[in-house]
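According to my numbering, the sequence shown is numbered sequentially starting from 579.
Accompanying notes for the structure given below.
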Amino acid sequence: MTTEPTAKASPGRAQTEGGTPSLKDRGNLFEIASRQIDKAVKLIKLDPDVAQILGQPKNEIIINFPVRMDNGEYRMFKGYRVQHNNILGPYKGGMRYHHEANLDEMKALAAWMTYKGALHEIPFGGGKGGVKVDPRQHSRNELERITRRFTAALGANIGPEWDIPAPDVGTNEQTMVWMMDTYMNVVGQAEKNSVRGVVTGKSVTSGGSYGRREATGQGVVHCITEWAKDRNFNLDGAHIIIQGFGNVGTYTARLLSQKGAVIVGVGDAGGYIANPEGINPHKLSEHTQKTGTVAGYRGASKIQREEFFGLEADIFVPAALELELGVKEAQVLKAKVVVEGANGPTYPEAEQILLDKGVDIIPDILCNSGGVIVSYYEWLQNKRSEQWDAADVLGRLEKRMKQTYANVRAYALANKCDWRTASYAIGLERLQNCYRERGIFP
Ligand code: NAD
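Take a look at the structure:
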């Protein structure tokens, strides 16, 4: 196990002209996440011993591994797996493939998974990992070898009762199937078929769950629907902007457009586009599948990143990377609500500006949890050798999302706090109760 040097926090954020800032300029994500959680720690007067335990991940694994490229050369890659906490159940969390992946990012993302599981009462702990690699620069064969070699190197650090990866930025169902197959082939013939649950987010053919693909976007849309009811706001004709048009952004856009909402702006790593008359999410999706980006889509005009945040819109869904919503973006944002499809998209300083402006924020650990909830259902199906139908899976998801949403709303009202603090407070109380009952071994 090794550690990496940490970056300094910079909420103002340096930006490249017309493009997106490098993760290096975004500050130390783990410190920023800790600052967010601190508000809830103070509110519930969290036991300092529990705060100390949750203040660091249990395990931080870094693996450097070689992979043969298509041209016959070998290249070294750096892989991560951070296991934050497992008092509520096995470590659980995504595997990210991104060229700027780093240890502090993984630590923050793993911690958020612990609080997400605790908030939604899913019997999982928190983990996160990935590989420092730009998947767009590699062929399918190279990505397969990277994934299989990384999985083999992780060895017993993952497992269906120990640590269960899932897709995240830059990974997908195919990545999960390669991970599962590699793991299956090293555990031994007799157990092979009993370890499908080593990863979730697999294709249905290879043991995945119906409904998992759209689960995160669906969860985001359930929260938006509940918010609209609370605010007496009509989603039919509402204007939406979405940053990130991958798994989360695409399904959020499709499901919102079914409710009559109009997508007026979209951005991704390749650029930003807008059309006040509306962007058809299905056609845009066909375009991104061919080109890998929303840029160049004929049904909209190209705009700059700064213009995107200032678009006339009612709802903003960040669904790209963390720390995209800084002070500058918060100042120009016109939306009534920010619904965090991405993990950690908002700087604490930007959040304060938004709250002062009267903008509602539905925090990540509440609203982007559809993925981990359906991952839990996938894991259960694998354990029981069952296959639930889509209506069953999505019905359970809806019930759980709405229940947690109502719990957070009630907690925030009763304690006069913002929704992020309420969400963390509920999760932290559950974790604290568990530590109180179980104590620390020995
Ligand atoms: P994805 O890889 O499918 O899509 C990521 C999108 O973000 C792409 O459109 C990409 O172009 C865009 N993007 C990347 N860098 C960008 C930048 N600098 N500026 C603007 N756009 C950028 O990933 P995903 O699975 O949709 O995940 C998106 C976010 O949602 C992440 O924060 C992830 O952790 C979170 N999340 C995902 C899931 C899930 O089930 N996939 C669940 C919960 C949370």
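Ideal Cβ placement from N, Cα and C applies to all residues, glycine included.
Given the structure is predicted, the values throughout are model-derived calculations rather than measurements.
Exercise for the section: Kindly examine the ligand NAD and report whether one of its heavy atoms sits closer than 7 Å to the Cβ of Gly707. Expected result: Outside the cutoff, so no.
Practice task
State yes or no: is the C-beta of Gln614 nearer than 7 Å to some heavy atom of the ligand NAD?
Solution key: No, the ligand NAD has no heavy atom inside 7 Å of this Cβ.
Practice task
Return yes when at least one heavy atom of the ligand NAD lies under 7 Å from the C-beta of Leu899, else no.
Solution key: Result yes, Cβ under 7 Å from the ligand NAD.
Handout entry: Reduced DSSP secondary structure (H/G/I, E/B, other) of Tyr788
Key = Per DSSP, reduced to three states, the secondary structure at Tyr788 is coil, with no helix or strand assignment.
Practice task
Look at the alpha carbon of Gln654 and the alpha carbon of Val952, and state the distance between them as a whole number of angstroms.
Solution key: Here the sequence assigns Met to residue 654, which means Gln is not the residue at that position. Cα to Cα, the separation comes out at about 34 Å.
Problem - Entirely enclosed alpha helix (DSSP H) segments - the stretch 859 to 926, minimum 4 residues - result: Correct list: 859 to 869, 883 to 887 and 905 to 910.
Exercise for the section: Assess, as a yes-or-no matter, whether the stretch 956 to 974 is touched by the stretch 779 to 796 under the definition of 3 or more beta carbon pairs within less than 8 Å. Expected result: These segments touch.
Practice task
Could you tell me which of Glu864, Arg987 and Leu899 sits nearest to Leu607, measuring between CA atoms?
Solution key: Looking at Glu864, Arg987 and Leu899, the one whose alpha-carbon comes closest to that of Leu607 is Leu899.
Practice task
Look at Asp746 and Tyr669 and say whether their C-beta atoms are less than 8 Å apart.
Solution key: Against a cut-off of 8 Å, the Cβ pair of Tyr669 and Asp746 comes out as no contact.
Practice task
Report the partner residues of Arg653 according to the DSSP bridge assignment.
Solution key: Arg653 is bridged to Val645.
Problem - Where Leu991 falls, given that 16 or more other Cβ within 10 Å makes a residue buried - result: The Cβ neighbour count for Leu991, taken over all protein chains shown within 10 Å, is under 16; the residue is labelled exposed.
Problem - Cβ contact (3+ pairs, closer than 8 Å) linking the stretch 778 to 786 and the stretch 747 to 755 - result: Contact holds: three or more Cβ-Cβ distances are below 8 Å.
Practice task
Tell me, please, whether the CB atom of Ala969 is closer than 8 Å to any CB atom in chain D?
Solution key: Here chain D cannot be found, since the structure has a single protein chain.
Exercise for the section: Could you tell me which of Asn825, Phe702 and Met684 sits nearest to Thr692, measuring between CA atoms? Expected result: Of the candidates Asn825, Phe702 and Met684, the one whose C-alpha sits nearest the C-alpha of Thr692 is Phe702.
Handout entry: beta-carbon Thr794 near the ligand NAD non-hydrogen atom, thresh 7 Å
Key = Result yes, Cβ under 7 Å from the ligand NAD.
Exercise for the section: Out of Gln634, Arg726 and Ile640, state which residue places its alpha-carbon closest to the alpha-carbon of Ala689. Expected result: Checked all of Gln634, Arg726 and Ile640; the closest Cα to Ala689 is Gln634.
Exercise for the section: Taking Arg674 as part of the beta strand (DSSP E), name the residues at either end of that continuous run. Expected result: For Arg674, the uninterrupted beta strand (DSSP E) run begins and ends at Tyr669 to His676, by DSSP.
Exercise for the section: Name, in chain order, the residues that DSSP records as bridge partners for Asn985. Expected result: Partner(s): none; Asn985 has no beta bridge.
Practice task
State yes or no: is the C-beta of Gln821 nearer than 7 Å to some heavy atom of the ligand NAD?
Solution key: Yes, the beta carbon of Gln821 sits closer than 7 Å to at least one heavy atom of the ligand NAD.
Problem - Met647 versus Gly672 - alpha carbon distance - result: Those two C-alpha atoms are separated by around 25 Å.
Practice task
Can you have a look at Gln821 and say buried or exposed, based on whether 16 or more other CB atoms are within 10 angstroms of its CB?
Solution key: Buried, since its Cβ has 16 or more Cβ neighbours within 10 Å.
Exercise for the section: Taking all protein chains shown into account, decide if Ile1018 is buried (16 or more other Cβ within 10 angstroms of its Cβ) or exposed. Expected result: When all chains shown are included, Ile1018 counts as exposed.
Practice task
For Val844, write down the residues that DSSP places opposite it in a beta bridge.
Solution key: Answer by DSSP bridge pairing, in chain order: Ile820 and Ile851.
Practice task
May I ask you to list the residues that DSSP assigns as paired with Lys706?
Solution key: As a beta-bridge residue in DSSP terms, Lys706 pairs with Val660.
Problem - Contact test: Asn946 Cβ vs the ligand NAD heavy atom, cutoff 7 Å - result: Flag set: Cβ of Asn946 near the ligand NAD.
Practice task
Specify, as a first and last residue, the run of the beta strand (DSSP E) that Ala744 falls within.
Solution key: Per DSSP, Ala744 belongs to the beta strand (DSSP E) from Asp741 to Pro745.
Practice task
Measure the CB-CB distance between Val826 and Gly786 and report whether it falls below 8 Å.
Solution key: In this structure, Gly786 does not lie closer than 8 Å to Val826 by Cβ.
Practice task
For the stretch 930 to 966, list the beta strand (DSSP E) runs that are entirely contained and at least 3 residues long, ordered along the chain.
Solution key: Within the stretch 930 to 966, the complete beta strand (DSSP E) segments of 3 residues or longer fall at 938 to 940, listed in chain order.
Problem - Sheet register partners of Glu638 (DSSP bridge) - result: The beta-bridge partner set that DSSP reports for Glu638 consists of Val660.
Handout entry: Test item: CB-CB of Phe886 and Ile819 under 8 Å
Key = Yes.
Problem - Check whether Tyr658 and Gly605 have beta carbons under 8 Å apart - result: Not in contact: Tyr658 and Gly605 (Cβ atoms no closer than 8 Å).
Handout entry: Spatial neighbours of Lys617 in its chain, beta-carbon cut-off 7 Å, leaving aside the 5 residues before and after
Key = Take Lys617, set aside five residues on each side of it, and the residues of its chain with a beta-carbon closer than 7 Å to its own are Thr999, in chain order.
Exercise for the section: Report yes if the C-beta of Val971 is less than 7 Å from at least one heavy atom of the ligand NAD; otherwise report no. Expected result: Relative to the ligand NAD, the beta carbon of Val971 is positioned no closer than 7 Å to any heavy atom.
Practice task
Could you tell me the distance, in whole angstroms, from the CA atom of Asp625 to the CA atom of Ile736?
Solution key: Asp625 and Ile736 have their C-alpha atoms roughly 30 Å apart.
Exercise for the section: Grab the span of the alpha helix (DSSP H) containing Gln767 for me, first residue to last. Expected result: DSSP places Gln767 outside any alpha helix (DSSP H), giving it a letter other than H or E.
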